[in-house]
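K.L.:
The sequence shown maps to residues 1390 to 1470 in this note's numbering.
Don't be surprised by glycine CBs; every beta carbon is placed ideally from N, CA and C.
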Amino acid sequence: ANALAAAQVFDLEPGDVLVYPALWWHNVEALEPFNVLVNYWWNAAPRFLDTPMTTLLHGLLSLRDRPLTEKQAWRALFDHY
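Following this line, the structure appears as structure tokens:
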């Protein structure tokens, strides 16, 4: 409900571009039978750095099956930083 209350709608025409900040949730609805969508995650980080998505995946896989108390301790550490 909160997301819908804050939602914004943009109707794009051919050639239009919508730029929004990284990690913003978005939804796309095609209004015609044929559509093309290009999604590019640009960032200014040096190319040699790994992506944050890899870090998230490693965190999820290494923590998901741990006991609840241990997960809570890790969450406190993540929240701190």
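Which of the three DSSP states, helix, strand or coil, is assigned to residue 1467?
P.N.:
Reading the sequence shown from its first residue, position 78 is the one you call residue 1467. Looking at residue 1467 - three-state DSSP - the assignment turns out to be helix.
K.L.:
Could you have a look at residue 1428 and say whether DSSP puts it in helix, strand or coil?
P.N.:
Translated into positions along the sequence shown, residue 1428 becomes position 39. Residue state, collapsed to three classes: coil.
K.L.:
Note down the Cα distance separating residue 1390 from residue 1415, rounded to an integer number of angstroms.
P.N.:
Your numbering for residue 1390 matches position 1 in the sequence shown. Your numbering for residue 1415 matches position 26 in the sequence shown. One C-alpha to the other measures close to 15 Å.
K.L.:
Flag this pair as yes or no: are the beta carbons of residue 1399 and residue 1407 separated by less than 9 Å?
P.N.:
On the sequence shown, residue 1399 is found 10 positions in, with the first residue counted as 1. On the sequence shown, residue 1407 is found 18 positions in, with the first residue counted as 1. Yes, they are a contact pair.
K.L.:
Our contact map puts residue 1462 next to residue 1432 with C-beta atoms below 8 Å; I'd like the distance itself, whole angstroms only.
P.N.:
Reading the sequence shown from its first residue, position 73 is the one you call residue 1462. Reading the sequence shown from its first residue, position 43 is the one you call residue 1432. The pair is not a contact, with the Cβ atoms about 31 Å apart (cut-off 8 Å).
K.L.:
Report the rounded CA-to-CA distance for residue 1424 versus residue 1467, giving the unit in angstroms.
P.N.:
Along the sequence shown, read from residue 1 onward, the residue named residue 1424 stands at position 35. Along the sequence shown, read from residue 1 onward, the residue named residue 1467 stands at position 78. When rounded, the distance between both Cα atoms is 40 Å.
K.L.:
Determine the contact status of residue 1434 and residue 1426, defining contact as a CB-CB distance below 9 Å.
P.N.:
Looking up residue 1434 in the sequence shown gives position 45. Looking up residue 1426 in the sequence shown gives position 37. Against a cut-off of 9 Å, the Cβ pair of residue 1426 and residue 1434 comes out as no contact.
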